[in-house]
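Taking it in order: structure first as structure tokens, then the write-up.
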Amino acid sequence: MRIVVPPGALVMLVGPAGSGKTTFARRHFRETEVVSSDRCRALVSDDESDMSVSGRAFQLFFEILRHRLELGRVAVADSTAVTARARAELRSLARRCGAPVVAVAFDVPLEVCLARDTVRARRVGREVIERQVELMRQALERIPAEGYDAWYVLDERAQEEAEVEVRRSPRRQAASSPAVREVARNTGGEVHGMTIRKVGVVGCGLMGSGIAETCARQGYEVVVREVNDELLERGLRRVQQSMARAVERGKLPPEERDAAWVRIRGTVRMDDLRDCDLVIEAAVERMDVKKEIWRELDRICPERTLFCSNTSSLSITEQASVTRRGDRFCGLHFFNPVPVMKLVELVRGLQTSEETLDTCRRFAESLGKTVVVAKDYPGFIVNLLLVPFLLDAVRALEKGLATKEDIDTAVRLGLNHPMGPFELLDFVGIDTTYYIAEAMFQEFKDPRYAPPVLLKQMTLAGHHGRKTGRGFYEYRQ
Ligand code: 3HC
Numbered sequence: 026m027r028i029v030v031p032p033g034a035l036v037m038l039v040g041p042a043g044s045g046k047t048t049f050a051r052r053h054f055r056e057t058e059v060v061s062s063d064r065c066r067a068l069v070s071d072d073e074s075d076m077s078v079s080g081r082a083f084q085l086f087f088e089i090l091r092h093r094l095e096l097g098r099v100a101v102a103d104s105t106a107v108t109a110r111a112r113a114e115l116r117s118l119a120r121r122c123g124a125p126v127v128a129v130a131f132d133v134p135l136e137v138c139l140a141r142d143t144v145r146a147r148r149v150g151r152e153v154i155e156r157q158v159e160l161m162r163q164a165l166e167r168i169p170a171e172g173y174d175a176w177y178v179l180d181e182r183a184q185e186e187a188e189v190e191v192r193r194s195p196r197r198q199a200a201s202s203p204a205v206r207e208v209a210r211n212t213g214g215e216v217h218g219m220t221i222r223k224v225g226v227v228g229c230g231l232m233g234s235g236i237a238e239t240c241a242r243q244g245y246e247v248v249v250r251e252v253n254d255e256l257l258e259r260g261l262r263r264v265q266q267s268m269a270r271a272v273e274r275g276k277l278p279p280e281e282r283d284a285a286w287v288r289i290r291g292t293v294r295m296d297d298l299r300d301c302d303l304v305i306e307a308a309v310e311r312m313d314v315k316k317e318i319w320r321e322l323d324r325i326c327p328e329r330t331l332f333c334s335n336t337s338s339l340s341i342t343e344q345a346s347v348t349r350r351g352d353r354f355c356g357l358h359f360f361n362p363v364p365v366m367k368l369v370e371l372v373r374g375l376q377t378s379e380e381t382l383d384t385c386r387r388f389a390e391s392l393g394k395t396v397v398v399a400k401d402y403p404g405f406i407v408n409l410l411l412v413p414f415l416l417d418a419v420r421a422l423e424k425g426l427a428t429k430e431d432i433d434t435a436v437r438l439g440l441n442h443p444m445g446p447f448e449l450l451d452f453v454g455i456d457t458t459y460y461i462a463e464a465m466f467q468e469f470k471d472p473r474y475a476p477p478v479l480l481k482q483m484t485l486a487g488h489h490g491r492k493t494g495r496g497f498y499e500y501r502q
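Spelled out as structure tokens, the structure:
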């Protein structure tokens with residue numbers, strides 16, 4: 026087993042002392058280089074118990090890490106004493122260097138370590154074991170809040186896989202304590218790992234380019250595919266413009282922009298998505314087009330590749346039906362502008378496995394998004410509510426209720442929405458909204474979702490909003 030961790034990720038290894046965290050890291054993380062704070066402590070002082078050397082040891086630890094990362098090497102920061110501040114420093118170091126990985130081996134709280142061994146637990150009884158389980162659970166719950174991207178709970182099986190020589194170790198009992206095993210079981214096995222490193226994006230339109238940018242900015246290697254060179258070039262230009270804006274607004278350091286840009290590769294060949302760990306489809310909102318894409322990708326990609334559709338209205342289960350991986354297929358619905366909007370809707374198809382949902386949730390969270398889970402039901406959460414609202418605005422305009430400017434002003438100032446409905450329609454795309462409404466109407470046969478005539482005409486006339494320079498309003502390209 027080789028574990029691949031995306032660039033800039035922070036990984037936590039949870040397990041008692043002697044459970045083989047360091048060996049596990051050495052054996053399982055690809056091209057791992059372990060930098061140990063304990064070794065640094067030994068380098069600065071002969072007396073390992075001398076706590077006054079901590080500061081100097083940590084300084085050395087970070088210097089070595091920085092050096093390794095600047096060389097573009099994978100590093101495991103092996104320390105049992107990583108504070109929140111040290112963690113923040115490690116993360117920014119990883120990002121700054123665009124380094125493949127910084128992983129942190131981290132012990133469970135001291136109380137757990139002290140009270141965990143089986144012999145003692147047996148003597149003190151079930152209560153102590155329950156307390157240990159609770160403490161470990163608390164430690165695990167803190168992981169996302171503390172900024173880790175993945176974690177591994179080491180129990181007996183993990184040790185066996187790591188071929189750790191523990192038989193003679195007096196600490197074996199500690200490592201195989203019921204508490205550790207119980208927590209490992211409760212958290213779904215001994216390993217919770219992030220295996221996504223390379224992301225494929227199909228389509229480099231408004232959403233595809235935003236998704237590609239966001240993934241690359243968070244350190245993933247990205248291959249984005251468009252149908253022809255002209256569309257690809259336009260999409261990649263959009264990525265550049267968006268990152269330039271982010272730099273201008275002080276949201277992105279220029280060197281991170283450069284590193285992200287290097288991670289994105291454009292292509293017009295679907296075949297180039299062959300070795301992606303996860304593919305996100307962000308093509309036009311039409312079922313026939315999406316099915317054709319999935320059929321092709323299902324032939325091209327290995328079994329392990331996860332498929333996600335960024336659809337906002339089309340059935341995940343139906344899309345998955347043309348592939349042989351219904352369990353490894355789900356919806357991952359981003360919002361425009363992707364680098365700015367915090368939400369991702371995670372959509373569970375009828376066959377989607379818990380493991381796929383879990384991996385995709387962690388993937389979306391690693392992009393800095395907040396995830397909500399929805400059933401495979403047209404429109405999911407946001408569009409189920411938004412689309413009738415937008416269509417009602419168009420119908421109100423058709424009826425002559427007010428001017429588009431006044432309707433927009435009313436919604437902006439009366440409801441505090443950042444954009445009025447017509448501004449938002451132009452922003453999202455008239456054609457996209459038309460296809461979404463049409464799909465929802467086909468499903469529900471409810472007139473609330475029927476696209477108004479004006480929307481259809483604008484779609485046919487190419488007045489698609491900001492992206493074509495003209496929608497309800499006009500834009501200078
Ligand atoms: N990368 C990172 N951050 C960026 C950025 C970029 N490329 N561009 C802008 N930002 C940041 C800015 O720094 C700013 O952050 P701050 O508030 O912390 O300073 C923030 O984003 C807003 O940027 P601006 O000040 O430049 O722009 P506005 O204030 O005019 O806001 C907007 C622009 C965010 C688009 C805002 O108008 C908005 O929220 N509109 C509504 C968008 C919306 O509803 N989207 C969902 C559409 S529905 C959808 O997508 C689903 C689909 O299926 C239809």
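Mapping the sequence shown onto the working numbering, position 220 (from 1) lands on 245, and the numbers just tick up by one.
We treat Cβ as the ideally placed atom computed from N, Cα and C, and that holds for glycine.
Here the structure is a predicted model, which means the values were calculated and not measured.
Contacting residues, own chain, Cβ-Cβ under 8 Å from residue i (five flanking each side not counted)
i: Cys385; result: Leu303, Leu331, Cys333, Cys355, Leu357 and Leu371
Cα-Cα separation, residue i to residue j
i: Asn441; j: Ser346; result: 41 Å
i: Lys424; j: Ile305; result: 40 Å
i: Gln344; j: Met465; result: 16 Å
i: Glu246; j: Val398; result: 26 Å
i: Val249; j: Glu317; result: 17 Å
i: Arg311; j: Val224; result: 22 Å
i: Tyr474; j: Leu422; result: 16 Å
i: Ile221; j: Ala308; result: 22 Å
i: Gly487; j: Thr493; result: 7 Å
i: Leu322; j: Ala389; result: 21 Å
Residue i in three-state terms, based on DSSP
i: Leu392; result: coil
i: Ile289; result: strand
i: Ile221; result: coil
i: His92; result: helix
i: Ile341; result: helix
i: Ala486; result: helix
i: Glu281; result: helix
i: Glu499; result: strand
i: Arg491; result: helix
i: Lys400; result: strand
i: Cys301; result: coil
i: Phe360; result: coil
i: Arg270; result: helix
i: Val347; result: coil
i: Phe354; result: strand
i: Val407; result: helix
i: Val226; result: strand
i: Glu310; result: coil
i: Ala418; result: helix
i: Leu426; result: coil
Neighbourhood of residue i by C-beta, 6 Å cutoff - its chain only, sequence neighbours within 5 removed
i: Ser337; result: His358, Asn408 and Ile461
i: Thr342; result: Gly374, Leu375 and Asp401
i: Phe360; result: Met366 and Leu368
i: Ala285; result: Ala241 and Arg242
i: Ala261; result: The sequence shown places Leu at residue 261, not Ala. Within the same chain, Leu261 has close Cβ partners Gly291.
Cβ-based neighbour list, residue i, same chain, cut-off 7 Å, excluding 5 preceding and 5 following
i: Leu256; result: Cys229
i: Val293; result: Arg250, Glu251, Val252, Asn253, Asp254 and Leu257
i: Ile455; result: Leu480, Met483, Thr484, His488, His489, Gly490 and Gly496
i: Arg263; result: Ser234
i: Cys301; result: Lys223, Val224, Gly225, Val248, Cys326 and Thr330
i: Lys394; result: Lys367, Leu368 and Val369
i: Glu430; result: none
heavy atom of the ligand 3HC below 6 Å from residue i C-beta
i: Met465; result: no
i: Arg270; result: yes
i: Met444; result: yes
i: Phe414; result: no
i: Asn361; result: yes
i: Lys394; result: no
i: Pro364; result: yes
i: Ser334; result: no
i: Val453; result: yes
i: Arg274; result: yes
i: Ser234; result: no
i: Ser340; result: no
i: Ser337; result: yes
i: Ser267; result: yes
Endpoints, the alpha helix (DSSP H) within which residue i is located
i: Arg329; result: Taken as a continuous stretch (DSSP letters only), Arg329 belongs to no alpha helix (DSSP H), as it is neither H nor E.
i: Gly233; result: Leu231 to Arg242
i: Arg437; result: Lys429 to Leu440
Bounding residues of the beta strand (DSSP E) (the contiguous stretch that carries residue i)
i: Leu368; result: Leu368 to Arg373
i: Glu246; result: Glu246 to Arg250
Near the ligand MG: residue i beta-carbon under 6 Å from a heavy atom
i: Ser346; result: Ligands displayed in this structure: the ligand 3HC; the ligand MG is not among them.
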